[in-house]
Amino acid sequence: MGIQNTLQALADPTRRQILELLKSSPLTAGEIGSHFEITAAAISRHLSVLKQAGLVRDRREGKFIIYELNASILEEILLWIQTLKGESYDE
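All letters in the sequence shown, in the order written, are residues 787 to 877 by my numbering.
Now the structure itself:
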């Protein structure tokens, strides 16, 4: 994975919006797509990038794939940023 993939994934505003949606609850690709005026293929590509960056996880429930936020990756990035600023994680 790596921090570079994660930061590249976060650079796109659509992907950041997807993460905002997943912050509230897990969703299917169709549920995510209903919030955007882009194709299902574009949503699928964004989800793939987020998954490759470790920012989302997916699981199958019947015929649906449910996507959920993987907050642990975000916590790792925050920790890294804090160390760059010279702060400890406990501050």
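Yeah, the Cβ is synthetic: ideal placement off N, Cα and C, and Gly gets one too.
Computed from a predicted structure; not experimentally measured.
Query raised in the report: For T814 versus I852, is the C-beta distance shorter than 9 Å?
Result: Sequence index remark: in the sequence shown, residue 814 carries index 28 (1-based). Sequence index remark: in the sequence shown, residue 852 carries index 66 (1-based). It is a contact, given that the beta carbons lie within the stated cut-off.
Query raised in the report: Would you report the Cα separation of K871 and H832, rounded to the nearest angstrom?
Result: Within the sequence shown, residue 871 is the residue found at index 85, counting from 1. Within the sequence shown, residue 832 is the residue found at index 46, counting from 1. The alpha-carbon atoms of K871 and H832 are separated by roughly 30 Å.
Query raised in the report: Taking the C-alpha atoms as reference points, what is the distance between K849 and E873?
Result: Start at 1 with the first residue of the sequence shown, and residue 849 comes out as number 63. Start at 1 with the first residue of the sequence shown, and residue 873 comes out as number 87. Answer to the nearest angstrom: the Cα atoms are 46 Å apart.
Query raised in the report: Applying the criterion that 16 or more other CB atoms from any shown protein chain within 10 Å of the CB defines a buried residue, is G819 buried or exposed?
Result: By 1-based counting over the sequence shown, the position of residue 819 is 33. Classification of G819: buried, given that the 10 Å Cβ count is 16 or more.
Query raised in the report: Just curious, the beta strand (DSSP E) that E854 is in, first and last residue?
Result: For the purposes of this step, residue 854 is taken as residue 68 along the sequence shown, with counting starting at 1. Here the beta strand (DSSP E) through E854 covers F850 to L855.
Query raised in the report: If you scan the segment 789 to 856 from start to end, which runs of the beta strand (DSSP E) of 3 or more residues do you find wholly inside it?
Result: 842 to 847 and 850 to 855
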